[in-house]
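Structure, as structure tokens:
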Amino acid sequence: LADLSVPQIRGLLSHSLHCKQISKPWLEPQSGKKQQLRMPSQSLFNKTVALLFSKRSTRTRLASETSVALLGGRALFLGSEDIQLGVNETPRDTARVIGGMAEGIFARVGDHAEIEELAKYSPVPVLNALSSLWHPTQILADLLTLHENAHLFAIPDLNASAEPDYKNMKSSIKTRTRAKGGLPELRPLTVAYVGDSANVLHDMLVTYPRLGHSMRVASPPKYRAPPEVWKRVEELGCDKDIWWGEDPKEAVKGADVVVTDTWISMGQEAEKAQRLRDFHGYQVTEALCREGGANPDWKFMHCLPRKQDEVDDEVFYGPRSLVFPEADNRKWTTMAVFDMFIGKWFIDPIPEKE
Ligand code: CP
Ligand code: NVA
């Protein structure tokens, strides 16, 4: 998301909501009537999107296969056991060959350098489905979920005392307003992240502050985000709205939203024992957030898959949790991204001479 401007990100979110509203067959709660479905953009008609996944996936794969179908195209899943990449063929040659037969590549890779190389040599758009450093489509889904749930976040009365009056805050909730494009407006939030500094957090760091939200992060010192991530954070001016420390209680102070991710990302299985030791005390619980002084109405988010290490069942399955609407929204945000960045993208012709 560091590669996208704020208007582009907002545009994608509005478009995601539009895709969801016209494509999802749901019952209107009041009327009990089925919503009128409309034909979504068919920008992928006659087009193929290659899903180049070198790691496991449930949500990202489902989101991409189902949304390509809705956009009238064909998704072609290419797992690491299926193709020559990494065994008999380089990313450079693979990108050129896939780009000759498909109109876009959605790639889940190990080291981030792999997707940079695919992008460098691909004649068609390459979108990141998760790499060691970033997970952009996840954060779009998180943002859509927050905007859709904007009414859950109370607006403090700025004329009152310096300390927000949490007890009476519900009465001061502003009615939900909708920005252009139908996306509900979201007040500036304090978003706390407790746990491993990995791909999901990194995309939050380059995005949330640009959208007006402040971030508070707690992670053990040796897990601080790597220099290439900080470089992007600073270039985008996001660093001034990020508090970073070691203490999880300090991080959740005033938090409207608390987010975490697994402590053991895909590919880090050999470090499991060490990581479980290093992250001891970082589990998100009701007690942690109460003692740390989170907004009493705080909500919880997690990209999934989840383990009990990083968040207990009480929070994960409790009324604060937005994790399943968040997972559902992977589909609509991925659909919007494919429509805008593959279906409606100008396809560079493959050069005659290589
Ligand atoms: N959140 C997410 O990316 O899940 P998957 O790994 O199942 O795709
Ligand atoms: N940080 C996790 C995210 C999974 C969606 C991983 O990379 O495995």
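Note that UniProt numbering has the sequence shown beginning at 13, numbered continuously upward. A virtual CB, placed ideally from N, CA and C, is assigned to each residue, including glycine. Quantities reported herein were computed from a predicted structural model and do not represent experimental measurements.
Counting C-beta neighbours from all protein chains within 10 Å, is the total for H163 16 or more, i.e. buried, or is it exposed? Position 151 of the sequence shown, counted from the start, is the residue given in the question as residue 163. Exposed, since its Cβ has fewer than 16 Cβ neighbours within 10 Å.
Look at the Cβ atom of I354, then the Cβ atom of G116, and state whether they are nearer than 8 angstroms. Mapped onto the sequence shown, residue 354 falls at position 342. Mapped onto the sequence shown, residue 116 falls at position 104. Closer than 8 angstroms, so yes.
Pairing CB atoms from the region 285-295 with CB atoms from the region 230-242, are three or more of them under 8 angstroms? The region 285-295, when compared against the region 230-242, does touch it at the 8 angstroms Cβ threshold.
Compute the Euclidean distance between the alpha carbons of K284 and S53, then round it to the nearest angstrom. In the sequence shown, the residue the question calls residue 284 occupies position 272. In the sequence shown, the residue the question calls residue 53 occupies position 41. So the alpha carbons of these two residues sit roughly 44 angstroms apart.
Could you give the distance in angstroms between the alpha-carbon of D154 and the alpha-carbon of N341? Walking along the sequence shown from the start, residue 154 turns up at place 142. Walking along the sequence shown from the start, residue 341 turns up at place 329. For D154 and N341, the distance between alpha carbons rounds to 8 angstroms.
Endpoints, the alpha helix (DSSP H) within which F312 is located: Here residue 312 refers to the residue found at position 300 when the sequence shown is read from its first residue. Per DSSP, F312 is not a residue of any alpha helix (DSSP H); the beta strand (DSSP E) it occupies stretches across 311-314.
With which residues is W255 paired in a DSSP beta bridge? By one-based count along the sequence shown, residue 255 stands at place 243. Answer by DSSP bridge pairing, in chain order: R228.
For Y329, count neighbouring C-beta atoms within 10 Å of its own C-beta (all shown protein chains included) and say buried if the count is 16 or more, exposed if not. Residue mapping note: residue 329 aligns to position 317 of the sequence shown, counting from 1. Classification of Y329: exposed, given that the 10 Å Cβ count is below 16.
How would you write the range of the beta strand (DSSP E) that L88 sits in, first residue to last? Counted from its first residue, the sequence shown places residue 88 at position 76. In the DSSP assignment, L88 falls within the unbroken beta strand (DSSP E) covering 86-91.
Compare the Cα-Cα distances from L88 to each of E281, E101, I127, L74 and report the closest residue. Position 76 of the sequence shown, counted from the start, is the residue given in the question as residue 88. For L88, the nearest C-alpha among the options comes from L74.
By the DSSP assignment, the beta strand (DSSP E) with V206 in it spans what residues? Counted from its first residue, the sequence shown places residue 206 at position 194. From DSSP, the beta strand (DSSP E) with V206 extends over 202-206.
Which residues does DSSP list as the beta-bridge partners of F118? Indexing the sequence shown from 1 puts residue 118 at position 106. F118 has L63, L139 as its beta-bridge partners, per DSSP.
Proximity test, Q150 beta-carbon vs ligand 1 heavy atom, cut-off 7 angstroms: As a first step, residue 150 must be located in the sequence shown, where it is residue number 138. Yes.
Taking 7 angstroms as the cut-off, is the CB of residue 414 close to at least one heavy atom of ligand 2? Outside the displayed span of the chain (13 to 366) sits residue 414, for which this structure offers no information.
Coarse secondary structure for P317, derived from DSSP in three states: Here the question's residue 317 lines up with position 305 in the sequence shown. Here P317 sits in coil by DSSP.
Could you check the C-alpha separation between L56 and Q320 for me, to the nearest Å? Here the question's residue 56 lines up with position 44 in the sequence shown. Here the question's residue 320 lines up with position 308 in the sequence shown. Those two C-alpha atoms are separated by around 39 angstroms.
Length of the line joining the Cα atoms of residue 383 and K343: Not covered by the structure: residue 383. The range shown for the chain is 13 to 366.
Beta-bridge partners of V245, as assigned by DSSP: For the purposes of this step, residue 245 is taken as the residue at position 233 of the sequence shown. Beta bridge pairing from DSSP links V245 with no other residue.
Do you know how far the Cα of F336 is from the Cα of W38? Translated into positions along the sequence shown, residue 38 becomes position 26. Translated into positions along the sequence shown, residue 336 becomes position 324. Rounded to whole angstroms, W38 to F336 spans 16 angstroms at the Cα level.
Determine which residues share a DSSP beta bridge with T102 and list them. Against the sequence shown, residue 102 aligns to sequence position 90. According to DSSP, which records beta bridges pairwise, T102 is partnered with nothing at all.
Going by DSSP, what residue range makes up the alpha helix (DSSP H) through T157? Residue mapping note: residue 157 aligns to position 145 of the sequence shown, counting from 1. T157 -> alpha helix (DSSP H) spans 148-160.
If you measure from the CB of H147, is any heavy atom of ligand 2 nearer than 7 angstroms? For the purposes of this step, residue 147 is identified with residue 135 of the sequence shown, where counting begins at 1. Answer for H147: yes, Cβ within range of ligand 2.
Spell out the partners DSSP gives L97 in its beta bridges. In the sequence shown, the residue the question calls residue 97 occupies position 85. Answer is E101.
C-alpha gap between N100 and G122, whole angstroms: Taking the first residue of the sequence shown as position 1, residue 100 is located at position 88. Taking the first residue of the sequence shown as position 1, residue 122 is located at position 110. Spanning the two alpha carbons is a distance of roughly 17 angstroms.
Where P331 falls: helix, strand or coil (DSSP): The sequence position of residue 331 within the sequence shown is 319, counting from 1. Here P331 sits in coil by DSSP.
With Q150 and C315 assumed to form a contact (beta carbons below 8 angstroms), what rounded beta-carbon distance in angstroms separates them? The residue labelled residue 150 in the question sits at position 138 within the sequence shown. The residue labelled residue 315 in the question sits at position 303 within the sequence shown. The Cβ separation is near 5 angstroms, so the contact holds.
At the level of alpha carbons, what is the spacing between R108 and A119? On the sequence shown, residue 108 is found 96 positions in, with the first residue counted as 1. On the sequence shown, residue 119 is found 107 positions in, with the first residue counted as 1. Cα-Cα distance, rounded: 14 angstroms.
Mind checking who V270 pairs with in its DSSP beta bridge? Walking along the sequence shown from the start, residue 270 turns up at place 258. Listed as beta-bridge partners of V270 by DSSP are A204, F312.
Within 8 angstroms, strictly: CB atoms of residue 383 and L248: The chain is shown from 13 up to 366; residue 383 falls before or after that span and cannot be answered.
What is the rounded straight-line gap between the Cα of V270 and the Cα of E326? Here residue 270 is taken as the residue at index 258 of the sequence shown, counted from 1. Here residue 326 is taken as the residue at index 314 of the sequence shown, counted from 1. Approximately 14 angstroms between the Cα atoms of the pair.
From the DSSP output, in three-state form, read off L25 for me. On the sequence shown, position 13 is the one that residue 25 refers to. Looking at L25 - three-state DSSP - the assignment turns out to be helix.
Taking just the CA atoms, how far does L195 sit from L24? By 1-based counting over the sequence shown, the position of residue 24 is 12. By 1-based counting over the sequence shown, the position of residue 195 is 183. Distance from the CA of L24 to the CA of L195, rounded to the nearest whole angstrom, comes to 10 angstroms.
For ligand 1, I want to know if R287 counts as a neighbour, meaning its beta carbon is within less than 7 angstroms of at least one of the ligand's heavy atoms. What you label residue 287 is simply residue 275 of the sequence shown in a count that begins at 1. No, since every heavy atom of ligand 1 falls outside the 7 angstroms radius drawn around the Cβ of R287.
Which listed residue (L130, P137, I34, I127) has its alpha carbon closest to that of M352: Along the sequence shown, one-based indexing puts residue 352 at 340. Nearest neighbour of M352 by Cα position, chosen from L130, P137, I34, I127, turns out to be P137.
From the DSSP output, in three-state form, read off V264 for me. To locate residue 264, count along the sequence shown from 1; it is residue 252. Three-state DSSP puts V264 in coil, outside helix and strand.
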